[in-house]
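Contents: one structure, followed by commentary.
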Amino acid sequence: MSLRLLLIISGGLEAVVGVLTLISPATAVSLLLGGPTDAIAAVLARLFGAGVFALGLACLKARDDVGSAAGLAVSIGITSYNVLAAVVIMWAAVGLSLGGMLLWAAGIGHAVLGVLLISALKTTIADLLKQQGYTTGQFGENHQGGVGHEL
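Quick note on my numbering: the sequence shown kicks off at 261 and runs consecutively.
As structure tokens, then:
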């Protein structure tokens, strides 16, 4: 699966979840964790909603720029988020015995997206620099030779 498509999927999902959590934090907490929401939890849930909404927008904006350093940074950010979210959600399910209706689906979904994003991240910083005309110097397996900017 292409990195562009994964950014569209992840970005769209996170933007929608962010908006829904901003609008109704109690519903989001109940569906995910299966418990009631007090005022403090509602504030934290809304903060979470704002963050994932912003992350979703960044992914959607970066979808057409995956070859740039900024696109790579957004891709690494959403990949890290998905992997860490999967770990936290699975810990909540197994370690804390929480059980909202969508808890396992969210955990598995984040894990799958994390794995797919990791496999799609084939571009390295060296590849990005090469695309900009930089070479790696006179020695080494990646030496391009010819005229170019030397690092």
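In this text, a Cβ means the ideal position worked out from N, Cα and C, and glycines have one as well.
For T281 and M350, the rounded distance between their alpha carbons: 20 Å
For A305 versus V326, is the C-beta distance shorter than 7 Å? no
Buried or exposed: where does V277 fall if 16 or more other Cβ atoms within 10 Å of its Cβ makes it buried? buried
For C319 and L267, which I take to be in contact (beta-carbon distance under 8 Å), what is that distance rounded to the nearest angstrom? 5 Å
Is T297 helix, strand or coil by DSSP? Coil at T297, not helix or strand.
Check whether the stretch 355 to 368 and the stretch 331 to 339 touch, using three or more Cβ-Cβ pairs below 8 Å as the test. no
Looking only at C-alpha atoms, which of L263, L273, Y341, I300 sits nearest to P285? I300
Which residues bound the alpha helix (DSSP H) around S328? Unbroken run through S328: none, as it is neither H nor E.
Answer yes or no: do E274 and G316 have a C-beta to C-beta separation smaller than 7 Å? yes
Can you name, in chain order, every residue of its own chain whose Cβ lies under 6 Å from the Cβ of G309, other than the five neighbours on each side? G278, T281, L282
Rounded straight-line distance, which links the Cα of V312 to that of M261: 22 Å
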